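Going by the numbering used here, the sequence shown opens with residue 9, and the numbers climb by one from there. We put the beta carbon where it would ideally sit given N, CA and C, even for glycine. Just so you know, these numbers come straight off a predicted model, no measurement behind them.
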Amino acid sequence: MTEIPILEGVKNREYYGRSATTIENKCKIEYGTEQGLAALIYGEKGLSSLPIQDIAGEHIDTDNEYMYYYSVEFIK
């Protein structure tokens with residue numbers, strides 16, 4: 009298991025977690041291109057979430073300092 013040091017040193021960080029039970033929309037798999045899966049954005053001023061399309065399109069407007077961006081590339 010890979011551990012990611014998110015919000016280390018932030019008081020009560022366990023309360024910032026979220027979970028989902030369903031996937032609302034499904035994306036088409038595009039072979040040979042990078043596709044964003046999720047982004048975790050946080051910083052000293054708090055947490056924020058943006059649509060993955062905005063992050064992938066470089067339309068990021070956030071005061072947060074750190075981002076973990078997860079992507080995948082499928083190859084036939």
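By how many angstroms is the C-alpha of residue j removed from the C-alpha of residue i?
i     : j     : result
TYR76 : GLN43 : 14 Å
GLY40 : SER56 : 30 Å
ILE83 : LEU45 : 16 Å
VAL80 : GLY17 : 30 Å
LYS19 : GLY54 : 12 Å
Under the rule that 16 or more other beta-carbon atoms within 10 Å means buried, what is residue i, buried or exposed?
i     : result
ILE49 : buried
LYS34 : exposed
ALA28 : Residue confidence for ALA28 is low, a pLDDT of 49 falling below 50, so the modelled location carries little weight; the figure read from the coordinates is stated next. So ALA28 ends up on the exposed side.
Do residue i and residue j have their C-beta atoms closer together than 8 Å?
i     : j     : result
GLY51 : TYR78 : no
ILE60 : ALA47 : yes
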